[in-house]
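For the sequence shown, the positions run 251 to 357 when this note's numbering is used. All C-beta atoms in this analysis are idealised placements derived from N, C-alpha and C, irrespective of residue type, glycine included. Model, not experiment: these values are computed from the prediction.
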Amino acid sequence: YRDNIKEDHLRLLYDRYFYAILKVFSALGENVTDYMCIFVGPAKVRTTSIPIDDIIVEHLQEFGWKHEITFVDTIVSRVMFESEINPASGEKDSRIKTEHLVVLKRG
251 YRDNIKEDHL
261 RLLYDRYFYA
271 ILKVFSALGE
281 NVTDYMCIFV
291 GPAKVRTTSI
301 PIDDIIVEHL
311 QEFGWKHEIT
321 FVDTIVSRVM
331 FESEINPASG
341 EKDSRIKTEH
351 LVVLKRG
């Protein structure tokens, strides 16, 4: 996913984001004895979809966690504002359509 991000400053943002959250989840996981549940939503960098839940699962499996299930819920009407064009990217605006609850079990 990272390789599909063309702009250097966005690639740096991607790196910092995942470095921070994966470090936190790894540290928190050291104190969890049974299950860890993580609530996330998919994201996009410009037009590149970033499956945050899959990346977190893949990372935590390296630390002995087993992916039990991911529950996916459709977001129906939590829009604070609507815009045809995303002002940050100049691209057609697209909102997060789902939210995911990742359930992991200590392996």
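Asked, Found
"Whole-angstrom distance between Gln-311 and Glu-341, CA atom to CA atom", "35 Å"
"Collapsed DSSP secondary structure at Lys-256 in the structure displayed", "coil"
"Three-state secondary structure (DSSP) of Val-274", "helix"
"CB contact flag (Ile-319, Ile-306, <8 Å)", "no"
"Cβ pair Thr-298, Asn-336 closer than 8 Å", "no"
"First and last residue of the uninterrupted alpha helix (DSSP H) at Glu-308", "302 to 311"
"8 Å contact criterion, which Val-326 and Thr-348 should meet: CB distance rounded", "With a Cβ gap of about 11 Å, Val-326 and Thr-348 do not count as contacting."
"Bounding residues of the beta strand (DSSP E) (the contiguous stretch that carries Asp-406)", "Because the chain here runs from 251 to 357, residue 406 falls outside it and cannot be looked at."
"Member of Ala-270, Leu-272, Ala-277 and Ile-300 whose CA lies at the smallest distance from the CA of Arg-252", "Ile-300"
"Simplified DSSP assignment, three categories, for Arg-356", "strand"
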